[in-house]
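Comments concern the structure below.
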Amino acid sequence: MAAACRADPALATTYVEAWRDELLPLAGTSAEDLVAEMLAAGDAYRLTGLADRLAGRPVLLVGAGLDTVAPPEVHHLPLVEAYAAQPGSLLEHHVLDTDHALADQRVALARTLIGFLDRRLG
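Note that the sequence shown covers residues 39 to 160 in our numbering.
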């Protein structure tokens, strides 16, 4: 996201505006601070860069298909593609038919996590 925001400053502004009203649970920060942190971190915050280091380790990724805060095609699917492409990938991924908060799918999320842990640790 940092590279996209650097290439298109209007996109960074879009993130500031989108995040401004979502920060109630986060004390001591602002939308502007979070976008500045994202831009400063650049590629260090790209989780796709961890794919080779996670090969051979169980990884569970859960996305929300109706998520407008972190759309799965931007945030979930690139991770799935990067991790699945690694030799020895032990990736399991799910996209639940719900919003960012998984508000109506929390039981399904819990079952997904428990099932993953049972298969990998049991």
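We put the beta carbon where it would ideally sit given N, CA and C, even for glycine.
Query	Result
DSSP beta-bridge partners of Glu130	Leu98
C-alpha distance - Arg158 paired with Pro96, whole-angstrom precision	7 Å
Closest by C-alpha distance to Thr52, when choosing among His138, Ala40, Glu111	Ala40
Where Tyr83 falls, given that 16 or more other Cβ within 10 Å makes a residue buried	exposed
First and last residue of the uninterrupted alpha helix (DSSP H) at Thr150	144-159
Host alpha helix (DSSP H) of Pro125 (start-end)	Segment: none, Pro125 is in no alpha helix (DSSP H) and carries neither H nor E.
Integer-rounded CB distance, given that Leu62 should sit under 8 Å from Leu103	According to the sequence as given, residue 103 is Gly; it is not Leu. At roughly 25 Å, the Cβ-Cβ gap does not stay under 8 Å, so Gly103 and Leu62 are not in contact.
Closest Cα partner of Val107 within the set Ala89, Leu115, Ala139, Gly126	Ala139
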